[in-house]
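Residue numbers (the UniProt record's numbering): 1 to 281.
Spelled out as structure tokens, the structure:
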């Protein structure tokens, strides 16, 4: 997870949008539902695996616990706390579909969420909610890519959508786990991201193009035109099967995001209302 290229103006969102994951829409007649969780039960479904600890550094400077993952009133809640656990000063939560279900392009992945935040400066410093996807088969990041559907940092209302890849993966004499890293992405300012639910989505087509959406509105795409070699079936394009990750991380030091401080207010709650993935029929 990282920062990226261009900042878009304020995104004007309207009620009554049509989700890109609406399987009944005419533009999805070649797609069907592969995965769906509306969190309607009283407990988390077995479609998910809760991360206990800090696998892949998903939670940065935070320890993941199952106690911080709950389903309440038809919504998933990921709670982040200032408390000591296993050598960490904070606990939070991460859940994934790893080893349960993964998705190969073409697919459309949509997550409806209300992000944690505050309009008071400093109260969200170091807080990093994210909805992202990682490949099933990976030995060295980011050889098979990383798709970030949505990231937000420090309570700022900018939404970051990114793709990471290794431009040197096919070198004749690669150095394991140190072959290179590049990334590209798009940003959008969503004024009500902290107070309302919005749908953050990506369409990964079968030509290596990623198109990002918020509430059904396209905010930009990553393709061969914007990033030279990342097209088609080149090693950089996202062609593997990817699983979903939902989490809130905390940073104790750094620039992106800022370091958490005494001003940061805990506990912090990240709400998710719906997750759906469509794939080709």
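Where a beta carbon is used, it is the ideal one built from N, C-alpha and C, also for glycine.
In the DSSP output, which residue or residues are listed as bridge partners for residue i?
i: residue 26; result: Beta-bridge pairing links residue 26 to no other residue.
i: residue 199; result: 112
i: residue 263; result: Note: residue 263 sits in no beta bridge, so no partner.
i: residue 276; result: 36, 110
i: residue 218; result: 213
i: residue 182; result: 165
i: residue 60; result: 250
i: residue 187; result: 160
i: residue 268; result: 80
i: residue 204; result: 107, 210
i: residue 49; result: 96
Among the options, which one has its Cα closest to the Cα of residue i?
i: residue 69; options: 60, 61, 57, 39; result: 39
i: residue 160; options: 211, 86, 139; result: 211
i: residue 158; options: 167, 33, 214, 144; result: 214
i: residue 183; options: 155, 144, 205, 196; result: 144
i: residue 282; options: 240, 275, 263; result: Absent from the structure is residue 282, since the part of the chain shown begins at 1 and ends at 281.
i: residue 73; options: 253, 281, 275, 271; result: 271
i: residue 34; options: 256, 110, 86; result: 110
i: residue 80; options: 255, 115, 92; result: 92
i: residue 104; options: 59, 140, 146, 89; result: 146
i: residue 273; options: 17, 23, 36, 29; result: 36
i: residue 238; options: 190, 186, 137, 51; result: 137
i: residue 276; options: 16, 47, 186; result: 47
i: residue 255; options: 153, 85, 221; result: 153
Rounded to the nearest angstrom, how far is the Cβ of residue i from that of residue j, given a contact under 8 Å?
i: residue 134; j: residue 243; result: 6 Å
i: residue 149; j: residue 165; result: The pair is not a contact, with the Cβ atoms about 16 Å apart (cut-off 8 Å).
i: residue 130; j: residue 197; result: Between residue 197 and residue 130 the Cβ distance is about 16 Å, and since that is not below 8 Å, they are no contact.
i: residue 19; j: residue 199; result: 6 Å
i: residue 90; j: residue 62; result: 5 Å
i: residue 253; j: residue 222; result: Actually they are not in contact, since the Cβ atoms of residue 253 and residue 222 sit about 29 Å apart, beyond 8 Å.
I'd like to check one pair, residue j with residue i: are the Cβ atoms closer than 8 Å?
i: residue 128; j: residue 250; result: yes
i: residue 259; j: residue 126; result: yes
i: residue 95; j: residue 71; result: no
i: residue 208; j: residue 31; result: no
i: residue 193; j: residue 115; result: yes
i: residue 202; j: residue 77; result: no
i: residue 53; j: residue 64; result: yes
i: residue 188; j: residue 219; result: yes
i: residue 205; j: residue 106; result: yes
i: residue 261; j: residue 122; result: yes
Go to residue i, then tell me how far its beta strand (DSSP E) extends in each direction, as first and last residue.
i: residue 150; result: 146-151
i: residue 161; result: 158-165
i: residue 127; result: 127-135
i: residue 242; result: 242-250
i: residue 78; result: 75-80
i: residue 95; result: 94-96
i: residue 69; result: 69-72
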